[in-house]
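In our numbering, the protein residues as written are 33 to 318. Think of the CB as a built atom: it goes at the ideal place given N, C-alpha and C, for glycine as much as any other residue. Shown next, in C-alpha cells, is the structure this report addresses.
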C-alpha cells in the first residue's frame, strides 16, 4: 500500500493533481477504488522480490569473501556490486508494478483494463515495444541501485558495529531491527530523486502517449513545472515503509546466518534459560 501511494504521488499531473498528500492519497484510493486499489501491482513484487533479495545478499556475501577483509569500504563496494547486478530483475519487475498501480486511477469499476496482471503487462509491453520496452527505465534503475545498495550495506555495517551486535550481546534482535530499519531509511534518502525520475519514465507511455523523450527531458520538464521539490514527491510513504521492511529483512538474514554458522555464533538472548533442578538451586556448603 505505501508503495502504491508513493508511485501515485510521484507521477501525478502537476497541472491537475489528484492528491494533496500521503494521507489524502490513501483516503482517495480507498474511497474511489476500494481498499484493493492499494494492492494494485502486488503480483510483480511477490514474483520478483524473492529473486532480488537472493541476488543482493548472495552477491554481497560472495563479493565480501572475494575482497577478503571486512571493512566499511569493502561493505560499500560489495553492496554497490549487488545493487548493479540485481537491476536486471528489478527494472522489469518495477515497470510492471508501476503500470499496474497506475491502471484505473480514480475509478472503482467499469474501466477497461489494459493489463490483466503483471505477467500480462510485461507480455503486452514486449509485444508492442520489444526488449527495449520491457527494460524501460533500466539506466535510471542502475543509477539508483548501485550507490544506494552501497550506502545500504555500509550504513548497516557501521550501525551494527557501533551498537555491538555480537551473538552474545544483550537485546540483539532489537539492535538488528533498528540498524536494518535505519539502513533502509538512509538508502532511500540518498537515492530518492533518481527514483522519482525512474517512476515517471516507467509510467510514461500508458495509453500510448509519451511525455518524455529521455532522462534529461524528464528532469528538465519536471523541474520547470514543479520546481526542485518535485524530487521529494512521495518521500513520506517511502520512509514509512522503508523502516519496517528493511528492519525485518536485515534482522532475518543476519539471524539466519548466525544460526547457520554453528553453536558458537548463535544469539545467546534467543536461547531459553536452562531448567534448574531442585539440587542445582540448593546452596553448596563450603
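Exercise. Around the Cβ of residue 214, are there at least 16 other Cβ atoms within 10 angstroms (buried) or fewer (exposed)?
Worked result: For the purposes of this step, residue 214 is identified with residue 182 of the chain shown, where counting begins at 1. Burial state of residue 214 is buried, judged by a 10 Å Cβ sphere holding 16 or more other Cβ atoms.
For this session: Return the residue from the list 155, 164, 163, 221 that minimises the CA-CA distance to residue 187.
Result: Here residue 187 corresponds to residue number 155 of the chain shown, with the count starting at 1. The shortest Cα separation from residue 187 among 155, 164, 163, 221 belongs to 221.
For this session: Tell me where the alpha helix (DSSP H) around residue 136 begins and ends.
Result: As a position in the chain shown, residue 136 is number 104, starting the count at 1. Neither: residue 136 is in no alpha helix (DSSP H) and is coded neither H nor E.
For this session: Only counting runs of 3 or more residues, tell me where the beta strand (DSSP E) segments fall wholly within the segment 36 to 61, in order along the chain.
Result: none
Exercise. Roughly how many angstroms lie between the CA atoms of residue 267 and residue 211, to the nearest whole one?
Worked result: Within the chain shown, numbered from 1, the residue matching residue 267 stands at position 235. Within the chain shown, numbered from 1, the residue matching residue 211 stands at position 179. Their backbone Cα atoms lie some 20 angstroms apart in a straight line.
Problem set entry | Residue closest to residue 277, alpha-carbon to alpha-carbon, out of 292, 216, 85 | The count along the chain shown starts at 1 and reaches residue 277 at position 245. With distances taken between CA atoms, residue 277 lies nearest to 216 out of 292, 216, 85.
For this session: Pull up the distance between the alpha-carbon of residue 269 and that of residue 33, whole angstroms please.
Result: Within the chain shown, numbered from 1, the residue matching residue 269 stands at position 237. Within the chain shown, numbered from 1, the residue matching residue 33 stands at position 1. Going by the C-alpha atoms only, they are around 9 angstroms apart.
For this session: Run through the segment 243 to 271 for me and flag every whole alpha helix (DSSP H) of 4 or more residues, listed as ranges in chain order.
Result: 247 to 258
Problem set entry | Where residue 197 falls: helix, strand or coil (DSSP) | Here residue 197 refers to the residue found at position 165 when the chain shown is read from its first residue. The answer is coil: DSSP assigns residue 197 none of H, G, I, E or B.
For this session: Below 8 angstroms on the Cβ atoms is my guess for residue 157 versus residue 166; work out the distance and round it to an integer in Å.
Result: The sequence position of residue 157 within the chain shown is 125, counting from 1. The sequence position of residue 166 within the chain shown is 134, counting from 1. 6 angstroms between Cβ atoms; contact.
For this session: Count the other CB atoms, across all protein chains shown, that sit within 10 Å of the CB of residue 17; report buried if there are 16 or more and exposed otherwise.
Result: No answer is possible for residue 17: the residues shown for the chain start at 33 and end at 318.
Exercise. Considering only C-alpha positions, which residue in the set 78, 60, 218 is nearest to residue 179?
Worked result: In the chain shown, counting from the first residue as 1, residue 179 sits at position 147. Among 78, 60, 218, the Cα nearest to that of residue 179 belongs to 218.
Problem set entry | For residue 202, the three-state DSSP class (helix, strand or coil) | Counting from 1 along the chain shown, the entry for residue 202 is found at position 170. Correct three-state label for residue 202: coil.
Exercise. Taking the alpha carbon of residue 48 as the point to measure from, which residue in 115, 133, 228, 258 has its own alpha carbon closest?
Worked result: Numbered from its first residue, the chain shown carries residue 48 at position 16. Closest in alpha carbon position to residue 48, among 115, 133, 228, 258, is 258.
Problem set entry | residue 149 versus 102, 118, 253, 132, residue with shortest Cα-Cα distance | On the chain shown, residue 149 is found 117 positions in, with the first residue counted as 1. Across the set 102, 118, 253, 132, the C-alpha of 132 shows the shortest separation from the C-alpha of residue 149.
For this session: Give, in chain order, every unbroken run of the alpha helix (DSSP H) that is at least 4 residues long and sits entirely within the segment 61 to 132.
Result: Secondary structure remark: continuous alpha helix (DSSP H) runs of at least 4 residues inside the segment 61 to 132, in chain order: 75 to 99.
For this session: Check residue 149 in the structure and name its three-state DSSP category.
Result: Numbered from its first residue, the chain shown carries residue 149 at position 117. Coil.
Problem set entry | Backbone CA spacing between residue 125 and residue 102 [nearest angstrom] | On the chain shown, residue 125 is found 93 positions in, with the first residue counted as 1. On the chain shown, residue 102 is found 70 positions in, with the first residue counted as 1. Here the C-alpha atom of residue 125 lies approximately 32 angstroms from the C-alpha atom of residue 102.
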